[in-house]
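The structure under discussion appears below in the form of structure tokens.
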Amino acid sequence: MAELFANYINGEWVKRASTFDNRNPANTDENVGDFVKGTAQDVEDAANAAAAALPAWSAMSGPARGNVLFKAADILDRKFEQVAADMTREEGKTLPEAKGEVRRSINIFRYFAGEGSRMPGMLVPSERDRVHMFAIRKPIGVVGLVTPWNFPSAIPAWKLAPALICGNTVVVKPASAAPLSAWRLIEALHEAGMPKGVVNFVAGSGGELGNALVNAKALKGVSFTGSCEIGNWLHGEASKRRLRIQLEMGGKNPTIVLADADFNSAVENVVNAAFFSTGQKCTATSRAIVEDSIYDRFVSALVERTKKLKVGDGMQPGIDIGPCVDKGQMETVLKYVETGRKESGEPLCGGRRLTDGAMAKGWFVEPTVFKDVEEQHTIAREEIFGPVLAVMRAKDFEDAMRIANNIPFGLSSSIQSTNLSRVFEYIYRAEAGLLTVNLPSAGVEYQLPFGGTKESSFGPKEQGPAALEFYSDYKTVYLKY
Ligand code: NAP
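Under the working numbering, the first residue of the sequence shown is numbered 52, with each subsequent residue one higher.
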């Protein structure tokens, strides 16, 4: 019998008869846990509990709120190995990747716990004599946090921690494909002594709960990470009620490789960014835009390196690439591969589902490289969210910049070049919120703003000091003394 993971509402673990299972995508015989299927009423109860808890939590001092987060970080640290293994079993990423993500969640909790002792406001000189003017931050109220499955711990952590430290109370709705990692954060906050009602967790169908959440009377804001389709729908609903909203959504991220790049590290960076975490990072590279003069040499080195990647169960040592998160995601990836075959030709490597031996029980796809992909081809325009890379030829730097920017998305972007002038030119002209230079396009830290531009994102940035902007408002004071 799999363990049952209850929802968390008003400080109580709430069970219901209806549950859903959480299958290991590397071995679907394994049920990682049964989760209580929350209802619209549960969401309403959770939002009401959060509203009731708001006055006391927001009145608490910032450092006192920070202490709860520090304690929760210590609890996660003690359970580190188990929490990371849970993540590999539910999402499929390799154990070292899962450990990196859990470490990041712990760091995020500690970073924002410290923010409780700073919580910068504003103090400026007045034009008037003996007038003191300043602005202090206040929480926005009850916030709904809706999260995806691909970073099932770090994304809930980077929404929860700033929301709580600013004095808000929350309702978390995790992705159904990987709810356990978010549940572990809630468990840690509960064990750290979080007052009842401050944090609430309701798992279950996004369609049903999302609708209830965005219509919950107590709600004042929503922070969402996921697909453009759902994000855009949420935006419409939230706008009707003038809820504050923050959206982080899809991408079609380019890596430009110029002829002056450090060739070997450029190959490594593209392979890392395209295929690690099975290409299921929102910041993954899905278009490698390579300068003509090194194109053929780069493509053959890239393919040679890609063929060496070991695909398998991420719990096993030496595995580079785990499975797709579920059957639906694998089918989406394979459908794009078929479209790629028709429009761009046979891939140079990969392109098949893997079912050898134990992989028959999971959702594995070979890392796949297409070359000579053109701008109008589907796999150069639409987010695939899997281990599929489109390599595109650029005449020169200007052409590469044009191709890189010629999409509706703007999440991450990368350049591989040793030419400082071109790198700076790129930094100023790249249409994306997250840029890397001579690094993989994926792999961000938590101390600086995170988020995209164009159709990838909407609203204030997440993480770093910028995170406070979404989760707090200013109260401006003019004081005559
Ligand atoms: P998704 O299908 O949009 O789901 C995201 C979350 O929204 C899940 O919790 C989902 O619940 C919920 N949801 C579904 N329907 C909803 C509705 N009608 N109202 C409210 N919530 C609803 O995205 P995903 O497949 O989990 O994640 C992959 C996508 O996330 C990719 O497009 C990727 O680029 C994007 N992403 C972006 C970033 C970024 O920072 N820009 C980071 C990570 C991922 P269920 O799971 O129950 O359906």
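Just so you know, even glycine gets a beta-carbon here, dropped at the ideal spot from N, CA and C. Since we're looking at a predicted model, the values are computed, not measured.
Reduced DSSP category for Y532 - H, G, I as helix; E, B as strand; rest coil:
Here Y532 sits in coil by DSSP.
List the endpoints of the continuous alpha helix (DSSP H) containing Y479.
L471 to R480
Best match in V153, I157, K247 and V182 for proximity to A101 [C-alpha to C-alpha]
K247
Boundaries (first-last residue) of the alpha helix (DSSP H) holding A104:
Start and end: A91 to A110.
Is the segment 320–331 close to the segment 284–301, with three or more CB pairs under 8 Å?
no
C400 - partner residues in DSSP beta bridges:
V420
Roughly how many angstroms lie between the CA atoms of V65 and G502, to the nearest whole one?
Rounded to the nearest whole angstrom, the CA to CA distance from V65 to G502 is 34 Å.
Pull up the DSSP beta-bridge partners for D25, would you.
The displayed coordinates of the chain run from 52 to 532. Any statement about residue 25 would go beyond what the structure contains.
Return the chain-ordered list of same chain residues with a C-beta closer than 6 Å to the C-beta of N277, the five sequence neighbours on each side being excluded.
The displayed chain sequence assigns Gly, not Asn, to residue 277. P199.
Where does T406 fall in DSSP's three states?
DSSP places T406 in coil when its eight states are reduced to three.
Determine the DSSP secondary structure at Q380, reduced to helix, strand or coil.
Under the three-state reduction of DSSP, Q380 is assigned to helix.
What runs of the alpha helix (DSSP H), each 4 residues or longer, lie entirely inside the segment 115–194?
Those alpha helix (DSSP H) runs which fall completely within the segment 115–194 and span 4+ residues are 131–142 and 146–166.
From this set, P147, E238, F131 and K268, which residue's C-alpha is nearest Q92's C-alpha?
The shortest CA-to-CA distance from Q92 to any of P147, E238, F131 and K268 is the one to K268.
A149 to G257, Cα distance in whole Å?
Pairing A149 with G257, the inter-Cα distance amounts to about 24 Å.
For the putative contact between V193 and L270, defined by C-beta atoms under 8 Å, what is the C-beta separation to the nearest angstrom?
So it is a contact: roughly 5 Å between Cβ atoms.
Assuming G117 contacts G165 (C-beta within less than 8 Å), just tell me the rounded distance between them.
6 Å
Do V439 and V388 count as a contact pair if the criterion is CB distance below 8 Å?
yes
So V495 and T334 are in contact, right, with Cβ under 8 Å, and what is the actual spacing, rounded?
7 Å
I believe N73 touches V83 by the beta-carbon criterion, under 8 Å. Please report the beta-carbon distance rounded to the nearest angstrom.
4 Å
Expected contact under 8 Å - CB spacing of G437 and P374 to nearest Å
About 10 Å; that fails the 8 Å criterion.
Considering only DSSP beta bridges, list what W414 is partnered with.
Looking at the DSSP assignment, W414 forms no beta bridge with any residue, so it has no partner.
Sequence-distant residues of its chain with Cβ nearer than 7 Å to K531 (five each side left out)
Taken in chain order, the residues that qualify are R181 and V182.
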